[in-house]
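For reference, the structure is listed below as structure tokens.
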Amino acid sequence: MNRSEFPKGFLWGGATAANQCEGAYNKDGKGLCIADILPGGKERFKIINQPDFDFEIDREKNVYPNHEGIDFYNNYKEDIKLFAEMGFKVFRMSINWSRIFPNGDEKLPNEKGLEFYDRVVDELLSYGIEPLITLSHYEMPLNLTKKYGAWKNKKVIGFFENYTKVVFDRYISRVKYFLTFNEINSAFHFPLFSLGFIDNNKETKEANLYKAMHNQFVAGAKAIKYAKSLRKDVQIGCMSIILPMYGYDSNPLNQRESQKEEMKFVDFPLDVQVRGRYPSFILKELERKNITLESTDEEMKLIAENTVDFISASYYMSGTITVDEDMNKTSGNMLAGVKNPFLEASEWGWEVDPIGLNIILQRLYNKYELPLFVVENGLGAKDKVEEDGSIIDNYRIDYLKSHISSIKTAIDDGVEVMGYTPWGCIDLVSASTGEMSKRYGLIYVDKDDDGNGTNKRLKKKSFHWYKNIIERNSL
Ligand code: BGP
32 MNRSEFPKGF LWGGATAANQ CEGAYNKDGK GLCIADILPG GKERFKIINQ
82 PDFDFEIDRE KNVYPNHEGI DFYNNYKEDI KLFAEMGFKV FRMSINWSRI
132 FPNGDEKLPN EKGLEFYDRV VDELLSYGIE PLITLSHYEM PLNLTKKYGA
182 WKNKKVIGFF ENYTKVVFDR YISRVKYFLT FNEINSAFHF PLFSLGFIDN
232 NKETKEANLY KAMHNQFVAG AKAIKYAKSL RKDVQIGCMS IILPMYGYDS
282 NPLNQRESQK EEMKFVDFPL DVQVRGRYPS FILKELERKN ITLESTDEEM
332 KLIAENTVDF ISASYYMSGT ITVDEDMNKT SGNMLAGVKN PFLEASEWGW
382 EVDPIGLNII LQRLYNKYEL PLFVVENGLG AKDKVEEDGS IIDNYRIDYL
432 KSHISSIKTA IDDGVEVMGY TPWGCIDLVS ASTGEMSKRY GLIYVDKDDD
482 GNGTNKRLKK KSFHWYKNII ERNSL
């Protein structure tokens, strides 16, 4: 093997989520999910953090982007053909839970929803592309939130079990790679997306967050157990946001604080899903805060016995931490801490840090000794279509190149990385802004924030660049 090459069988591809690309939000028996009721634009962030968020409000008019997405529901053939042209080996997609169980609590699934994913899976396989299926990507049926309080309620573990059993029964002979919960640690920042409820009550907020995450850990373990009973070589991963947290400077207080934050945000959920047990620093924190998880011995046993096969992750930025209260009042990076003077940020304030990806991959591999899979990474940017229809997205190429190179350096140092699937390989609706104009794609989709456009697909410059990387299996 040439030294610049990636390992044989490296899974190059791209990543999407159902609610951000399919559209057809109420077609063929699909029920509403959380994402279907969130508006786009500035209102979105305000709303998802509102304590009195009203799930009953009819936001039909406001939610254009999710409702139509890029109409992957009808365009999937054309899109998959383009993925195949780029040489994808794998395609990350989610199954929208509310397409299979419209209300979440029915006994029988919605056959039409299952048939849609049959078609998508078969289409991928016909090109030799492995589907990588996320079981839950911010798509909990809204009814489970309204009627049961979402992941706070242990009943939801059972509903998720029904759903995942149906999915595994149906697809596992054709699909080898699954992820349980998308960005399970996003619960700390966007609970409505990942846990399906908002609780801003000081007294109960933290306890409910930990209880809901615990229920997800149990549900994930059950899914793994069932899948393994059907297919021995199935590969199931957990999925987390990974970001290294730097101390702002060499002040030991800042270093200690950054380590504490990184352990809680990154390590805690991984410890549970990879090692099968809660880390002692979290148990101590729960004890100090008087939080009981209401876990049973049986649940802890399930968690211990059904751990993941690999760790998958999204990586967009690092965090910079200080204990200085005045500095902490200034607006910093999107997910953690204050501005890092050494890094530049995207238009949305996400600090670009390819070296950080290398740092965190090294650390996680050496701690957990499990294969890692970068299933999300990319640059959200506004693209310009030239008169001749070309899109010269050199900024995106630079971003992807620097991050891929960082992964390669980790591999050269002995880190096992299974693959790379850049986020939104085809333009889709942004999760945080609910808009189309924050684009990640290698393929452009002609749609704007107000729903205007032909929905036509155009190849960006990055499309040709990425195709070449895959072809040569090398940067
Ligand atoms: C992750 C989500 C994705 C995706 C991505 C980019 O947090 O898993 O769903 O959207 O971030 O974020 P955004 O769309 O907000 O730019």
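Numbering follows our numbering, in which position 295 of the sequence shown is assigned residue number 326; successive positions increment by one, without gaps.
Glycine is no exception: its CB is placed at the ideal position from the N, C-alpha and C atoms.
Sub-8 Å separation of residue i and residue j beta-carbons
i: L514; j: A238; result: The shown model of the chain, from 32 to 506, leaves out residue 514, and the question about it has no answer.
i: V206; j: I273; result: no
i: E336; j: G307; result: yes
i: D443; j: Q393; result: no
i: F209; j: P172; result: no
i: S505; j: E36; result: yes
i: S461; j: G411; result: yes
i: K432; j: I422; result: no
i: I457; j: I474; result: yes
i: L395; j: D384; result: no
i: F190; j: D230; result: no
i: V27; j: R123; result: For residue 27 there is no data in the structure shown, the boundaries of the chain being 32 and 506.
i: S125; j: H98; result: no
i: Y257; j: T195; result: yes
Assigned exposure category for residue i - 16 Cβ within 10 Å defines buried
i: F494; result: buried
i: S157; result: exposed
i: E417; result: exposed
i: N200; result: Going by the sequence as given, residue 200 is Asp instead of Asn. Exposed, since its Cβ has fewer than 16 Cβ neighbours within 10 Å.
i: L223; result: buried
i: N184; result: buried
i: D419; result: exposed
i: G144; result: buried
i: P372; result: exposed
Residues near residue i in its chain [Cβ-Cβ closer than 8 Å; skip 5 each side]
i: Y399; result: L301, V305, R306 and I342
i: I255; result: T211, I267, N337, T338 and V339
i: M358; result: Y279 and V369
i: D509; result: Given that the chain is displayed from residue 32 to residue 506, the structure contains no residue 509 and the question cannot be resolved.
Which listed residue (the options) has its alpha carbon closest to that of residue i
i: G60; options: N134, Y107 and L284; result: N134
i: L63; options: D102, N127, V446 and A243; result: N127
i: G482; options: K58, G71 and G44; result: G71
i: M449; options: V369, E356 and P402; result: P402
i: A250; options: I457, Y471, E137 and I215; result: I215
i: E154; options: N106, K183, L175 and E447; result: N106
i: S509; options: I386, K490, L261 and D230; result: The structure shown does not extend to residue 509, since the chain is modelled only from 32 through 506, so no value can be given for it.
i: R488; options: K498, D477 and W496; result: D477
i: L166; options: K177, S129 and S377; result: S129
i: G350; options: S311, Q290, M331 and F404; result: Q290
i: T31; options: N371, E109 and N321; result: Given that the chain is displayed from residue 32 to residue 506, the structure contains no residue 31 and the question cannot be resolved.
i: I316; options: H168, F299 and S436; result: A quick correction: the sequence has Glu, not Ile, at residue 316. Considering only alpha carbons, the answer is F299.
6 Å Cβ shell around residue i - same chain, five flanking residues per side excluded
i: K360; result: none
i: E292; result: M276 and I352
i: Y471; result: G409, G411, W454 and G455
i: C52; result: G100, I101, F103 and L459
i: V297; result: I273
Any C-beta of chain D under 8 Å from that of residue i
i: D280; result: Given the protein chain composition of this structure (a single chain), no chain D is represented.
Near the ligand FMN: residue i beta-carbon under 7 Å from a heavy atom
i: T464; result: Of the ligands this structure carries, namely the ligand BGP, none is the ligand FMN.
Sequence-distant residues of its chain with Cβ nearer than 7 Å to residue i (five each side left out)
i: E325; result: K242
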